[in-house]
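Numbering (full-length UniProt numbering), first residue to last: 1 to 296.
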């Protein structure tokens, strides 16, 4: 009787340890949490050692479980690379491509490269996960991430796309009619501002620059939100001035729901980048996605 654990079960253990959650790992694997838990108990019985600490609220690897994960993670990566190298020989990408992105970046992708990519490569599946915080894409099992160039980790290979962008201050025409437009960033202290809460819990300080002069303003305001789409909606509802990624408000600006203020204090900055680890084999699906980004 063969009692050697399967790579599939070890991969599932790694996923549980990464997410610290049976439910999230089960969703990723297309299983029920109870089925996955049963498989892990069977794995522990086969190994003859406890691999996971379980409580009603969390799950984490035991010392033995972490030791197994540390030793097996490179093996699993090599296994995936071996399968991918065979896939490369087929001449047509297939399989899954997992990308971690901010919500704004995901919206840009959905209106640009994604439709053409899925049409051109019908054997590919694309899994885009959006979250505000910056994560370790390798540790979390993603093929690539997408963020503004300034947020890309230095040890990653970055592929710029979409050109330069900027953050802009906007308000509704009705608000400006009642309060007049601020002429300098310091004048924001006399306005109602819609502040932004970052994933870390800190409030974002608005950053401006003109003719090489930089200034940062901790703006006042009675409304704080953690979603740029909601901030744009609040500004269009005459609740104050918001400072947002230009792509988020492009439609509202075109329809006249919002107008820009302090325009000459909002310079262009390097835009979005897709980034990935240079220490790993680039899957054919990811390479095809990169090529399409460069095309567009």
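Glycine included, every Cβ here is placed at the ideal spot set by N, Cα and C.
Contact annotation: residue 176 and residue 259 have beta-carbon atoms nearer than 8 Å. For residue 198, no beta strand (DSSP E) run applies, since DSSP gives it neither H nor E. Positions of the alpha helix (DSSP H) runs, each at least 4 residues long and wholly inside the segment 187-275, are given as 228-236, 246-254 in order along the chain.
Residue environment for residue 98: buried (at least 16 other C-beta atoms within 10 angstroms of its C-beta).
Counting every other CB atom within 10 Å of its CB across the protein chains shown gives residue 283 a total of 16 or more, marking it as buried. Under the rule that a run must span 4 or more residues, the alpha helix (DSSP H) segments found entirely inside the segment 122-200 read 173-179.
When C-alpha distances from residue 241 are compared across 41, 68, 106, 180, the shortest belongs to 180. Between residue 272 and residue 157, the CB-CB gap reaches or exceeds 8 Å. Secondary structure at residue 51: coil, using DSSP grouped into helix, strand and coil. Looking at the backbone, the Cα of residue 125 and that of residue 118 are separated by about 8 Å. Around the CB of residue 28, 16 or more other CB atoms lie within 10 Å, so the residue is classed as buried. Annotated as proximal: residue 138 and residue 277, with beta-carbon spacing under 8 Å. Between the alpha carbons of residue 10 and residue 247 lies a gap of roughly 42 Å. When DSSP states are grouped into helix, strand and coil, residue 278 belongs to the coil group. The beta carbon of residue 267 sits closer than 7 Å to the beta carbons of 166, 209 from its chain, once the five residues preceding and following it are set aside; these are given in chain order. Of the candidates 220, 93, 190, the residue whose Cα lies closest to the Cα of residue 291 is 93.
Only residues of its own chain outside the window of five on either side were considered, and among them 205 have a CB closer than 6 Å to the CB of residue 218, listed in chain order. Cβ contact annotation for residue 66 (same chain, cutoff 8 Å, sequence separation greater than five): 17, in chain order.
Going by C-alpha positions, residue 62 is about 12 Å away from residue 20. When 22, 72, 239 are compared, the shortest CA-CA separation from residue 221 is found for 239.
DSSP places residue 32 outside any alpha helix (DSSP H), giving it a letter other than H or E. Residue 11: member of the alpha helix (DSSP H) spanning 7-19, first to last residue. About 11 Å separates the beta carbon of residue 31 from that of residue 40, a gap too long to meet the 8 Å contact definition. Beta-bridge analysis with DSSP links residue 60 to 53. Counting along the chain, residue 107 sits inside the alpha helix (DSSP H) bounded by residues 103-110.
Of the candidates 184, 182, 74, 233, 233 places its Cα closest to the Cα of residue 257. For the options 12, 77, 202, the alpha carbon positioned closest to that of residue 33 is the one of 12. When the Cα atoms are used, residue 293 and residue 114 turn out to be separated by approximately 9 Å. Around residue 106, the same chain offers 128, 130 as residues with beta carbons nearer than 7 Å, after the five sequence neighbours per side are excluded. The DSSP-derived three-state label of residue 98 is strand.
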